[in-house]
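Below: one structure, written as C-alpha cells.
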Amino acid sequence: MNRCKKIAILVCAFLTALNVVACGEAKGDEVVYIDEFPTRQQDSSLQTVEGTELEIKEDETANADESSVNQQESSMQIEESTNLETEEDKTIGAEKSNAQTGENISTEMTTEELLDLFINGSISAISSGDSAFYITDLDMDSGEWDSYSIGERVDLDNDGENELIICGPYGGIYLDARNNKVYEFAVGEGDALVLSYVVYNGSTWIMYSSRMHTGYEAYHMEKFEGADNLVAEMNFHEELVDEDNVEGEEKYTLNGTEISYDEYFELCSKIFATEVTTTK
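FYI, the numbering for the sequence shown is 1115 to 1394, going by this note's numbering.
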C-alpha cells in the first residue's frame, strides 16, 4: 500500500515538473516573441528612416543637379549674350571705321599726301594741256645725265604749301598739289630754259636761265602767290653790242631798260647768291 502511494506521489511530482517545464518554455517563447517585436519595429523604423533619408538625399541630389544645370544654362546664356554684345560692338566698330575711311577718301587730301601718292606711283601729274604722266614714265635714278631723282619740298609759289622738286636735266620738274590733284608747275626745257629758283626780296622766284652763246646771258624770273597766280616777272640780261666781236663792248638791261655794269653786277650778285640749282 505504501509502495503504491509512493509511486503515485512520484508520478504526480513528475507530471508537476513536466507542467512547470512546459509553462516555462511557453513563457520563454512569449518573452522571445515580445523581445523580437520591438526589434522588428526598430528595424522597420530604421528602414523607414533610411528610406526617408535616402529620398531626401535623392531629392537634394536632384535639386543640386537641377541647380547646377540651371547655373550652367544661365552661364551659357550670359556668355552667349556677352559674345553677342562683343560681336555687335565689333560690327559697329568696323562700320564706323569703314565710314571714317570713306570720309577720308571723299574729303580733300593734303598737299603732302598728294605728293606722296605721286611718288608712290598711285596718281599722275597733269602737265600742259590734257596730258599727264606718272613717275614711272620718268627715268629715275639710272645715273644717266637725263635721269631724274626725288628732290626737296619747297614753297616755290609763296602760298604756304610745299611743292615737290624732281631734280633732272635742265633743272628737272617742279610739281604743285591742289584740288586733290598734282600739277606740273614748272619744267626745264633745254639749254635756253634751265630751271632753278632763288629767294629775292623775301620771296621765292622761279628762274629760267639761258647761257647758250658766248657773250650772251638771259634770265627770266617769275613770282607766284599760288601756283596759278603770277604776280610779278623780271627779265635781265647781258649781250654783246657787236655779236661778231666777242671782245667788244657789252650792254646790260633790266626789264627792257639799259642799266650800267655796276647796277647789273649788283643785281646779279644779290640774285645768284641765293640761287638753288636743281639739275641732277
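For every residue, glycine included, the Cβ atom is placed at its ideal position computed from N, Cα and C. The structure presented is a predicted model; accordingly, all values stated were derived computationally and were not measured.
Counted as a single uninterrupted DSSP element, the beta strand (DSSP E) harbouring E1277 occupies residues 1277-1281. Cα atoms of Y1248 and S1241: separation of roughly 10 Å, rounded to the nearest angstrom. Put simply, the segment 1265-1279 touches the segment 1297-1315. At least three CB pairs are less than 8 Å apart. Residue state for D1230 is assigned as helix, using DSSP reduced to three classes. Beyond the five residues adjoining it in sequence on each side, A1291 comes within less than 6 Å, by CB distance, of T1225, L1228, L1229 in the same chain, given in chain order. In the DSSP assignment, A1239 is bridged to F1247, V1296. Note on geometry: alpha-carbon atoms of N1359 and M1335 lie some 29 Å from one another. Between the C-alpha atoms of C1281 and L1354 there is a straight-line separation of about 32 Å.
If you ignore the 5 residues before and after M1348, its C-beta comes within less than 7 Å of the C-beta of M1335, N1369, all in its own chain and listed in chain order. Look at S1383 here: in three-state DSSP terms it is helix.
Under the DSSP definition of a beta bridge, N1369 lacks any partner. Setting aside the 5 residues that flank it on each side, V1345 is surrounded in the same chain by K1337, F1338, E1339, each with a C-beta closer than 7 Å to its C-beta; the list follows chain order. Nearest neighbour of S1236 by Cα position, chosen from Y1375, M1326, N1294, turns out to be N1294. Sequence-distant partners of T1388 (beyond 5 residues in either direction) whose C-beta falls short of 8 Å from its own C-beta, in its chain, are V1312, V1313, Y1314. In this structure, the alpha-carbon of G1285 lies about 7 Å from that of T1391.
Separation of the CB atoms of K1394 and S1261 is rounded to 6 Å, and the pair is thereby assigned contact status at 8 Å.
Taking all protein chains shown into account, M1321 has 16 or more neighbouring C-beta atoms within 10 Å of its C-beta and is therefore buried. Under the three-state reduction of DSSP output, G1265 falls in the strand class. Per DSSP, reduced to three states, the secondary structure at D1273 is coil, with no helix or strand assignment.
Here E1377 carries a helix assignment [DSSP, helix/strand/coil]. Rounded to the nearest whole angstrom, the CA to CA distance from G1274 to N1343 is 14 Å. For T1224, the secondary structure class from DSSP, reduced to helix, strand or coil, is coil.
Taking C-beta separations shorter than 6 Å and ignoring five residues to either side along the sequence, the partners of W1319 in its chain run V1312, M1335, K1337, following chain order. For secondary structure counted as the beta strand (DSSP E) over 3 or more consecutive residues, the segment 1284-1353 holds these complete runs in sequence order: 1287-1292, 1295-1301, 1308-1314, 1317-1324, 1331-1338. For a cut-off of 8 Å, the C-beta gap from E1298 to L1289 is around 6 Å, short enough to register as a contact. A check of alpha carbon separations from V1296 across S1324, I1385, L1278 identifies L1278 as the nearest.
The beta carbon of E1372 is closer than 8 Å to those of K1365, Y1366 in its chain, skipping five residues each way along the sequence.
Annotated three-state conformation of E1364 is strand, per DSSP. In the three-state reduction of the DSSP assignment, V1390 falls in the strand class.
With a 10 Å radius around the Cβ and a threshold of 16 neighbouring Cβ atoms, F1379 comes out exposed.
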